[in-house]
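Residue numbers (my numbering), protein chains in the order written: chain A, 1 to 416; chain B, 1001 to 1355.
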Amino acid sequence: MTVLSRGMAGLAAGVAAGLMLASAAVAQPKEILIGDQCDRTGPTQIVGTVLCPAMQDYYKLINSQGGVDGWMIRGDEIDNQYQVPPAIEAYQRQKQMGVVMMTLYGTPQTVALNQRLEQDKMPTTSPGFGIAAAADGTRFPYLFPIAATYWSQAAGAVKFAKDKLGGSLKGKKIAYVYYDNPAGKEPMPILDSLQKSEGFQLRTFAVPPPGVEMGAQILDITQRYHPDFVIMHLFGRSPSVAIKGLKGAGYPLTHVIGLVWASAEADIKAAGGWGVAEGYNTLQFAGAGDNYPVRQQIKAMYKKEGKEPPATMDDTVVYNRGLLQAAIQVEAIKNALKISGGQKPTGPQVKQGLEQIHDFTLGGLVPPLQITPADHEGGGWVRIFQVHDGKFVAETDWFRAYRDVVEHAVKTAEVD
Amino acid sequence: MFHREAGVFKTSYAADMALFPLPIAQWSVAGVAALFIVVVPLTFSEYYVSLLNLVLIAIVGALGLNILVGNTGQVSIGQGAFMSVGAYTAANLITRLGMPFWVAIPAGGLMAAFVGLIVGIPSLRIKGIYLAIATLAAQLIIEWTINHVQWISGGVQASIEIPRPSVFGIVLKHEVQIYLFLMFFVVLALVATLNLVRSRIGRAFVAIRDQDIAAEIIGINIFRYKLYAFAISSFYAGVAGVLESYYLGIANYEQFQIDVSIDYLAMVIIGGLGSVLGSVLGAVFVTLLPIATRWFLDAFGGLIFSHADLLNVVPNLRLVIFGALIIFFLVVEPEGLNRLWRNIRTYFRVWPFSY
């Protein structure tokens, strides 16, 4: 044997040993795979860059505590850039990887995949997105909004306005400022029917995308319409422009409420800081702020690794929403493992697991959800946090409003 | 295609215009067709077939845009809007009147062609970049209309769910079934385009692109042919929009926004203006490149980055690589992938005796 061939043989043996080690390392842990679609790039990256790491942090926390009944949780993440074709590709890819459930990001992506979810029996959460009618679990068996839909949010905002304005809205004027796209227009049926039953006057102000210029709307609202309350449903950069504009026009921000995508720290900062936005009300479907045990556990986990907690944690609103999404997933898998008897759960079993989530509050970060086979929204709980002294202060407890109106709308919504 | 064409002497116009320059070309086309129509559906997994489905839809749209931009020289940034016209026309016909696919698809195409005709009217007076702005306006107007006219969009959501197409009583549910369904229309579109560009109309388009005043002097009615180009191109776009809606099971206006128009423009520019094969290559390139870069990064990114960093790096690096590769290919061959392919072919045709 020549030196060369001996060297080759040694190399081959080394490679073979390495491969065996690698495959042993891969095969060892019992792992449950979750498919997350997220976008760290694209038009909504302002949310995704915080939301996606939060979900990964939660999986890591669960795994560091031994996983779920011995199963490790891994979240495969694909960036769909808020576009539909990449979302289709991501869905097929994660399905092929054998994920037991998915989380989608974005309304167009959710509606585009809706038919496939049912066909493939793939339980999927879409918190804060998708059509509000998906709250009806009998019609959309595999889609779980799990958080308050835009309809429940609108109802909550009106209820809050009513309480703020002395318990009656009769003869009051409410302005609805919305991003001029389907998501922005979605709450309108609820506002319309509440306008009739509560007797207030409603005027809508459309903000065309991207909504970085709204001087005309601000003037219209503050100088001509003089509303008693303003409900804002804006996305991206536009909430900060509106906050700044209303403040500049002298409108009291204590009488302004932003729905969930106008409610993050980033919006406050972009509006010119906490001082400018003082008094602004935000509507949340996950608790805001730092004061939750799970956040302390994650910080401790990082500390144990000798690292600083990541800066994304400071954006508490969006980060906590990521924790909510991941926590609901893990809780559903925990329930599903009970149903499957410790085996890797199937799609329908995870669906059942999701439908058994009751009063899982994660130390107050998650509302007292009651997800049932008929109600995939979990009740439509919201909570108002007010900007006060440089942070979000809880203004109300978890509440839900006008359930009869919302449920009627869900039941009679045209399937589209 | 990939044959050596030694000894090909064309002695008549008919031979020059023939679809297949050599008898053997028929066999190689048949071979490629058999590969994609028989072998691929039988062997590929569902995931890869779903990728091909996205490509097939893009091919139809890119072929149409290339007729307008590549063959006739009229720049359009309204492809996404024309697709949405087709999609919503079909969606309304399907959900309100219960029309089958063989009515809905041509109807969607025809409605898009009609709208394209109207949008094309300014093209007689304005050219080049100015026309591009006019089509951009059309894109925004059509988007706005669909968003606000609920009679078209079917509600504030502006999305209409449509059932799966059924062919001979079989409801097409699986990716492979839809693949064959889409493939049928892609083949139709390819054959139609190959014949169109060799016809009187196609030659008139090229004459207008190359020098419109000269074309007018030799007797081509410029106004009429420019409108033809807009109508035909929009017809393809409309059909692509209907096919995409069938594939997704929903017509949603957010899937036809301006970024889609720009993607299609990128496909024809990268693929090669005025070439049928270029449209196909461009559609494949723009659709699959972002996916392929992620496969690459998923496979090798772990060697450099930790898991948490990797999740942050992959989506961003993917955009960088995507942009860089587009620049790379355009620098290597400004006339697109089609020209690159022909250069390679020419090189090997005389290889190894290149002198």
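Ideal Cβ placement from N, Cα and C applies to all residues, glycine included. No experiment lies behind these values; they were computed from the predicted model shown.
From the beta carbon of residue i, is the nearest beta carbon of chain B less than 8 Å away?
| i | result |
| --- | --- |
| E407/A | no |
| P127/A | no |
| K304/A | no |
| Q56/A | yes |
| E213/A | no |
| V50/A | no |
| D315/A | no |
| E198/A | no |
| N181/A | yes |
| T346/A | no |
| K185/A | yes |
| D375/A | no |
| D79/A | yes |
| T41/A | yes |
| I131/A | yes |
| V84/A | yes |
So that I know if they touch, is there some Cβ in chain A lying closer than 8 Å to that of residue i?
| i | result |
| --- | --- |
| A1158/B | yes |
| I1178/B | no |
| P1165/B | no |
| Y1088/B | no |
| P1290/B | yes |
| K1226/B | no |
| A1308/B | yes |
| Y1047/B | yes |
| G1092/B | Reading off the sequence shown, one finds Asn at residue 1092/B, where the question assumed Gly. Judged by the 8 Å Cβ criterion, N1092/B is not in contact with chain A. |
| N1252/B | yes |
| K1173/B | yes |
| N1147/B | yes |
Should residue i go down as buried or exposed, given a rule of 16 or more other Cβ atoms within 10 Å for buried?
| i | result |
| --- | --- |
| K170/A | exposed |
| D404/A | exposed |
| L1042/B | exposed |
| H1307/B | exposed |
| Q1211/B | exposed |
| E308/A | exposed |
| P108/A | buried |
| A1204/B | buried |
| P127/A | buried |
| A1030/B | exposed |
| F1020/B | exposed |
| S1050/B | buried |
| L1303/B | exposed |
| M313/A | buried |
| K1226/B | buried |
| D267/A | buried |
| R1224/B | exposed |
| P345/A | buried |
| D1365/B | Missing from the structure shown is residue 1365/B; chain B here goes from 1001 to 1355 and no further. |
| P187/A | buried |
Which residues in chain D sit within 8 Å of residue i, going by Cβ to Cβ distance?
| i | result |
| --- | --- |
| M188/A | Checking the listed chains, one finds no chain D in this structure; the protein chains it contains are A and B. |
Based on the DSSP output, what are the partners of residue i in its beta bridges?
| i | result |
| --- | --- |
| D1259/B | D1259/B pairs with nothing; no bridge assigned. |
| M72/A | E31/A |
| I1161/B | The displayed chain sequence assigns Glu, not Ile, to residue 1161/B. BP columns for E1161/B point to I1250/B. |
| I257/A | I231/A and N281/A |
| V1276/B | According to DSSP, which records beta bridges pairwise, V1276/B is partnered with nothing at all. |
| R383/A | Q284/A |
| R203/A | A175/A |
| V393/A | Q386/A |
| F399/A | V382/A |
Runs of beta strand (DSSP E) wholly within the stretch 76-116 of chain A (minimum 3 residues, chain order):
101-103
Got a sec: which bits of the stretch 110-125 of chain A sit with their beta carbon under 9 Å from any beta carbon on chain B, in order along the chain?
V111, A112, L113, N114, Q115, R116 and Q119
Every unbroken alpha helix (DSSP H) inside the stretch 265-313 of chain A [4 residues or more]:
265-270 and 293-304
Members of the stretch 89-110 of chain A near chain B, C-beta cut-off 8 Å:
E89, Q92, R93, K95, Q96, T107 and P108
With 9 Å as the C-beta to C-beta threshold (strictly closer), list the residues of the stretch 1299-1328 of chain B near chain A in chain order.
H1307, A1308, L1311, N1312, V1314, P1315, N1316, R1318 and L1319
Within the stretch 1278-1346 of chain B, note down every full alpha helix (DSSP H) run reaching 4 residues or more, in order along the chain.
1307-1332
Members of the stretch 1050-1080 of chain B near chain A, C-beta cut-off 7 Å:
S1050, L1051 and L1054
Taking beta-carbon pairs under 8 Å, can you tell me which members of the stretch 1248-1275 of chain B lie near chain A?
L1248, G1249, I1250, N1252, Y1253, E1254, Q1255 and D1259
Quick one: complete beta strand (DSSP E) runs, 3+ long, within the stretch 1153-1230 of chain B?
1159-1161
Secondary structure, alpha helix (DSSP H): runs of 4+ residues fully inside the stretch 1100-1137 of chain B
1101-1120
Residues, ordered as in the chain, of the stretch 216-239 of chain A that lie near chain B by beta-carbon distance below 7 Å:
none
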